[in-house]
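Quick notes on the structure that follows.
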Amino acid sequence: MTSPQTGRNPSFSERKPVLIVIIIELLLLLAVFAAGAVATVKQLDYTSPVLMSFTPMAVVLIIYLTVRRKWGETGFRSLRTIPVLHVKYYIPLLLVLGTIALKGFTELTLTKVIFFVFFTLLVAFVEETVYRGLIFKTLLRRSAMAAVVTSSILFSVTHMLNALSGQSVADTMLQLVYALLLGAVLALLMLKNGNIIPLILFHFIHNLIQFLSDDLQDANTLPYDLFLLVVLVFYCIWLTFSVRTTKRSSSDPGTTGHKVIH
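First residue of the sequence shown: 915, per our numbering; consecutive thereafter.
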């Protein structure tokens, strides 16, 4: 059936967005589970499953986005496309980064830092491209709410895999809630500005700080974790209100555009 708006036949992803999302999520989980099984059998370290699964995913994503020319559509745009007045919506992300940095750092070596820079950049690129890029954009054809809620839930569910690495149930549940709220924040920022670059940078720095943090202090991090949950709840409320306000304003014929960063 030809779309009356575009005069062309809709793609499979446009006709079956939910099915596409299910396929993407299942493929990602399958890859991680398979890599985890191999790492367990061969008794590899905890970073091995991610490296074995995310490295080929990153290659496939780069090839797909390049061949199909979907970099811009997925959110890979110049930071200049973000209106100056919208920069303030990223400021709470700095509070999140500052809070997790307060947990302290373990003894660092150049080799360790270089490895985790590559590792966390890989994770940030793959997860953001999949969840705030492909999945979010696919579901946005249904509705903004479906895109934000579903991408956030799937992002959170993926972190259940940490339970397989021996993490306690309590820690896993706390991480699920944290990932859900953080996923909602990032999805709302994507909805607000349509730019995935700041989200990848935040995700990269966030994970880098966590992996370089002092594991010996984990027992004392609950106050920080609870504070972050509260911050993320209010952050979600603020962004949701802002998105709705912007939507109402944009429907006003007298509304003017925002100045962008140069």
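Don't be surprised by glycine CBs; every beta carbon is placed ideally from N, CA and C.
query	result
Is the segment 922-936 touching the segment 1050-1069 in the sense that three or more CB pairs, one from each, lie closer than 8 Å?	yes
S1127 by DSSP, collapsed to three states: which one?	strand
Hey, quick one: how far does the alpha helix (DSSP H) through R929 stretch, first residue to last?	926-929
Label F1069 either buried or exposed according to how many other C-beta atoms from any shown protein chain fall within 10 Å of its C-beta, with 16 as the threshold for buried.	buried
In the DSSP output, what is F1019 paired with across the bridge?	S1127
Which same chain residues, not among the five before or five after R1162, have their C-beta less than 7 Å away from its C-beta?	none
Is the beta carbon of L1095 less than 9 Å from the beta carbon of A1038?	no
Closest by CA to I936, which one among V1157, F1125, V1044?	V1044
Going along the chain, which unbroken runs of the alpha helix (DSSP H) with 4 or more residues stay wholly within the segment 1084-1142?	1111-1125
Given 8 Å as the limit, is there contact between the segment 1134-1148 and the segment 1026-1033, that is, 3 or more CB pairs closer than that?	no
What does a CB cutoff of less than 6 Å around T1064 pick up in its chain, not counting 5 residues either side in sequence?	L1053
Less than 9 Å between the C-beta atoms of L1007 and M971, yes or no?	no
For R994 and V955, I'd like the C-alpha separation in whole angstroms.	48 Å
Comparing alpha-carbon positions, which option in F1118, A1058, L1048 lies nearest V1157?	A1058
Can you tell me whether Y1003 is buried or exposed? The criterion is at least 16 other CB atoms within 10 Å of its CB, across all chains shown.	buried
Is it right to say A1084 is buried, meaning 16 or more other beta carbons lie within 10 angstroms of its own, or is it exposed?	exposed
If you drop the 5 nearest sequence neighbours on each side, which residues of the same chain put their C-beta closer than 6 Å to that of M1177?	Because the chain is modelled from 915 through 1176, residue 1177 falls outside the range shown and cannot be assessed.
Would the beta-carbon of L1142 fall within 9 Å of that of V1010?	yes
Let me make sure I understand the geometry here. Which of L933, F968, A1098, L999 has the alpha-carbon closest to that of T1034?	F968
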